[in-house]
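What follows is a set of notes on a single structure, which appears directly below.
2 protein chains.
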Amino acid sequence: MNSFNPNFKTLMGPGPSNIDPRVLNAMARPIIGHLDPQFIELMDDIKELLRYAYQTENPLTFPVSAPGSAGMESCFANLVEPGDKVLVCINGVFGGRMKENVIRCGGEAVIVEDEWGTPVSPDKVEAALKTHPDIKILAFVHAETSTGVCSDAAALAKLAQAHGCLTIMDCVTSLAGVPVLIDEWGIDAAYSGSQKCLSCPPGLSPVTFSPRAIETIRKRNTPIQSWFLDLSLVMDYWSGDEARSYHHTAPINAMYALHESLLLVRDEGLENAWARHQTHHEALKAGLEKLGLTLLVEEPYRLPQMNSVLIPEALKAREGDIRKTLLNEHNLEIGAGLGALAGKIWRIGLMGFGASEDNVHTCLSALEEVL
Amino acid sequence: MNSFNPNFKTLMGPGPSNIDPRVLNAMARPIIGHLDPQFIELMDDIKELLRYAYQTENPLTFPVSAPGSAGMESCFANLVEPGDKVLVCINGVFGGRMKENVIRCGGEAVIVEDEWGTPVSPDKVEAALKTHPDIKILAFVHAETSTGVCSDAAALAKLAQAHGCLTIMDCVTSLAGVPVLIDEWGIDAAYSGSQKCLSCPPGLSPVTFSPRAIETIRKRNTPIQSWFLDLSLVMDYWSGDEARSYHHTAPINAMYALHESLLLVRDEGLENAWARHQTHHEALKAGLEKLGLTLLVEEPYRLPQMNSVLIPEALKAREGDIRKTLLNEHNLEIGAGLGALAGKIWRIGLMGFGASEDNVHTCLSALEEVL
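Taken in order, these protein sequences are the chains called A and B.
The first sequence begins at 1 in the working numbering and counts up by one.
The second sequence begins at 1001 in the working numbering and counts up by one.
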C-alpha cells in the first residue's frame, strides 16, 4: 500500500466540485493551534466573509466542523424540542432527510409533498400552515441537489412569517451559485456545504442563525440532545469576545481552505458569480439540446449549478456504463439519479470553480463521443 | 483581508501536533468524488491501516467525518439508550464530557471519581460494578489529555467483562503514542482524534466497534437520536461491499491526509513509535528537572506524549504571560491547564511527528530563556 495519488478528474456531479489550486495550497499551510491568536483572527475573518456570502448581518454565522449533514442536524437539534410541530416540504431526497431529523429530535413532522423535479408549492404550504396553526418551524430545501430544482425561498419565508413560524432553509447547493438572501428573505436558520459552489473540500458546513433563532434556543425547556452540535456551547468558541472557551478542536487546515475560497467569492463578487453560473448553464443546456437531451426541470425553477438531464429511454439500460466510461476514459464525473430518480436522470453540476467554459466543453464533447 | 499565511509554530501543546510535510502534501492533491472507485479503495486502505493502529480485527473501524468530540458522541449515541446505566470514570475534563454525553442520550450516569492527575481506580470501579449490577457500559478515558494520566485500560476492561458490561474507551491522545490494544483488552468501542499522535490535521475521529457493540446497536429498541452519527446508516457507506450507499459527503482531502499519516505509522511500526515517544519524554523530563520543574503525574501513570508540568508558586501569577512569550518570541505553543488545573500546570505535548529530539531541545531552551 502506497501514498494515494488520485488522477485529476473533472468533477461535474452534484458535488464535490473541483477546487481552485489557491484553495488547495492554502489548506497545506503549516498548522497552528485552535486557540492561537492568529487562528482566532482567521475565525473572525471567516465569519465576516460568510456573512457576505449569506447576505446577512447575523452575528452567529460560522462553519460547523463537519459536513453538510451535520449542519442540517445542527439547525434541527437546536431549534426543535420534543413535541414541536415542524412543517417539512419534501420535493426530493434532502427534504426527506429533514423529516428524519425532525423525528429524531422528538418533533412532529407535518409533510407537504411535491413531485420530484418540481418546486415546493407555496399554496400547499399556506394551506398546511392554516390547517396546523401550532406549527413552530417551516423547513424547506432551497436548492434540491437531488433534482436540480430551486424553490421560491422568498415566498416560503414570507408565509412562515405571516404565520409566526421560524424557518430552516437548506442551501447546501444554492450558496454562491444563485442568490441566497438570508436577511432580505428573513430566514432564521440556514446551512450549506463547503464542497458545492464554494469549491472547497467537503467537511465544513457554514450555518447562520437569526437573533430570533438564538432567542428560541436560549428559551428551550429541554437540553439539546447533541453535545457536539449544542450551539449554546459552540457559540462560546465562535463568539466575538477575547476569551474563547474551548469546545472542540476545529479542523484548522480545512478552515484555511474555506477562508481562501471565501476570499475568491468576495473578490469575484456574488452578483458576478451568480451571472457566471447562469451563463455556463445556458451554454450547457444549448449543447445538451443539440445532443437531443432535455432537462427534467421546467425553465423558471432550474438551478444553473445543478442540471438534471433526462436519460433517453434507449440509453436507460446502459446509463451506469455510460457514467463509467465518462469517468474511466474521459476523467469526467457526472452524477447518477438518487431515490425516485435513480436510472432516470443524470446530474451535471456546474458549481463554483467548475462553472466554466472549459467544463461545459469537456462535458459536451465527452457526452457526444460516448452517446 | 488577504490570504492567510500563518507563521510556522512548534506545537507542543495538548494537540494539534505538527504535521509531516508528506501529510500536508497528500491533503493538497486533486479532489475526486466520494463515490469514485479510487476513493472507495482509499477508504478500504484507511480501514486496514486503522485496524493496525488500533490493533484490532474489528471490521467496523473507520474515521468519523468530524473531530474527536463527534467520535465520542458517535460511541455514546449509538450504544446508550434512554434509561441505560453507564458507569463513567472521571479523572479529568474528558471523563466529565463522557458523563454529559450519557445524560444527553437519556442514559443514567453512575460516576466513579478520581483526583485529577491520578489514574482511574480499578478498585472503585469494581465496587461500583458490584453495587450496580444493572450497569450496561463502562466508559473511561485511557489517556486523559487534561492531566497527562494513563489509566490501566486492560484492568478496567477485564472488570467490565467480568460484570457483563460493554466498554467505551477514549483514546484520543493515546492512539499511536502508547499501546492501545483493542482486541487483546477486549474493548467494545473506542474513539480517537486525527490531530494528536497521528499528526494529521484535526477534523477526523477514528473509531472502532467490536462485533458485540454492533449487535447491541442492531438490537436497540429506540432509534439513534443523531442522523449524522447513526452507525446503522454510516456502516452502509463504510461497509465492505461493492455498492456503497451514499450517507454524507466524506471530507475527501482530509482522508488523503489521514491515509498518509497512517502509512507513516505503519512504516515506522507501532512498537518503534511507542519507544520514540518514551525516549523523548525521558529527555524532556530530565531537562525539566534541571530547570527545577516537576511533573504532576506519578511515574507509572505518566503519558510520554502529554507532560503536565507543575507551575512553581513563584511563576503562577505570570503563567499566561510566559505562554504568550513562548508563542510570540519563540514560536512555541505549550498548553494551559484546563478546569481544576487551570493556572496550576502547563501541558507539554510530544505527539507523533512532534515527538522528536529537536522539539525537546526547542522547548527546553525556550523555557530556560523565559523562566
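The C-beta atom is built at its ideal place from N, Cα and C for all residues, glycine as well.
Query                                                                                                                      : Result
The region 308-324 of chain A contacting the region 155-172 of chain A, beta-carbon criterion three pairs below 8 Å        : no
Proximity to aspartate 1134(B) [Cα-Cα], best of Ser1151(B), Asp1152(B), Trp1116(B), Gly1107(B)                             : Gly1107(B)
Sequence-distant residues of its chain with Cβ nearer than 6 Å to phenylalanine 39(A) (five each side left out)            : Ile32
Where leucine 1380(B) sits in the DSSP three-state scheme                                                                  : A question about residue 1380(B) goes unanswered here, because the residues of chain B that appear run from 1001 up to 1371.
DSSP bridge partner residues for valine 1064(B) (one or two, in chain order)                                               : Ser1205(B)
Sequence-distant residues of its chain with Cβ nearer than 8 Å to serine 1017(B) (five each side left out)                 : Leu1011, Gln1195, Lys1196, Cys1197, Ser1199, Gly1349, Met1351, Gly1352, Phe1353, Gly1354
Beta-carbon proximity check, threonine 147(A) vs asparagine 91(A), cutoff 8 Å                                              : yes
Span separating the alpha-carbon of proline 63(A) from that of glutamate 1073(B)                                           : 19 Å
For proline 304(A) and valine 178(A), believed in contact at Cβ under 8 Å, the rounded distance                            : 7 Å
Inter-stretch contact at 8 Å, needing at least 3 Cβ pairs: the region 1204-1217 of chain B / the region 211-224 of chain A : no
Length-filtered (3 minimum) beta strand (DSSP E) runs lying within the region 279-343 of chain A                           : 306-310, 332-336
Reduced DSSP category for threonine 1144(B) - H, G, I as helix; E, B as strand; rest coil                                  : In the sequence as presented, threonine is not what sits at residue 1144(B); that position holds glutamate. Residue state, collapsed to three classes: strand.
Interface partners of isoleucine 1019(B) on chain A, CB under 7 Å                                                          : Ile31
Contacts of threonine 173(A) in chain B (Cβ-Cβ under 7 Å)                                                                  : Here the premise fails: no neighbours, minimum Cβ distance about 12 Å.
Whole-angstrom C-beta distance between lysine 124(A) and alanine 109(A), which should lie under 8 Å                        : Actually they do not touch by this definition, with Cβ atoms about 15 Å apart.
Segment contact flag, the region 1048-1065 of chain B with the region 1266-1276 of chain B, C-beta cutoff 8 Å, min 3 pairs : yes
Short Cβ contact (8 Å threshold) for alanine 1028(B) with asparagine 101(A)                                                : no
Proximity of leucine 1291(B) and alanine 1070(B) at Cβ, strictly below 8 Å                                                 : no
Length of the line joining the Cα atoms of leucine 293(A) and glycine 1095(B)                                              : 59 Å
Span of the beta strand (DSSP E) around valine 110(A)                                                                      : 108-113
Contact with chain A by methionine 1235(B), beta-carbon distance below 8 Å                                                 : no
Contacting positions in the region 266-290 of chain A - beta carbon closer than 7 Å to chain B                             : none
Aspartate 1358(B) in three-state terms, based on DSSP                                                                      : helix
Chain A within 8 Å of glycine 1068(B), Cβ atoms only                                                                       : yes
Cβ neighbour criterion (16 or more within 10 Å) applied to threonine 1222(B)                                               : exposed
Endpoints, the alpha helix (DSSP H) within which isoleucine 246(A) is located                                              : The residue you asked about is not isoleucine; residue 246(A) is tyrosine in the sequence shown. Neither: tyrosine 246(A) is in no alpha helix (DSSP H) and is coded neither H nor E.
Any chain B beta carbon closer than 8 Å to proline 304(A)                                                                  : no
Under 9 Å by beta carbon: chain B residues contacting glutamine 38(A)                                                      : Phe1004, Pro1006, Asn1007, Lys1009
Buried or exposed (CB count within 10 angstroms, at least 16 for buried), glutamate 1081(B)                                : buried
Contact list for the region 90-101 of chain A against chain B, Cβ threshold 8 Å                                            : Arg97, Glu100, Asn101
Classification of glycine 1343(B) by the beta-carbon crowding that lies within 10 angstroms, buried from 16 upward         : exposed
Whole-Å CB distance - cysteine 1105(B) paired with isoleucine 1137(B), under 8 Å assumed                                   : Between isoleucine 1137(B) and cysteine 1105(B) the Cβ distance is about 11 Å, and since that is not below 8 Å, they are no contact.
Cα-Cα separation, glycine 1083(B) to tryptophan 1227(B)                                                                    : 20 Å
N-terminal and C-terminal residue of the alpha helix (DSSP H) that alanine 1213(B) is part of                              : 1211-1218
Interface partners of glutamate 260(A) on chain B, CB under 9 Å                                                            : Ser1003, Phe1004
C-alpha gap between alanine 1366(B) and serine 1308(B), whole angstroms                                                    : 17 Å
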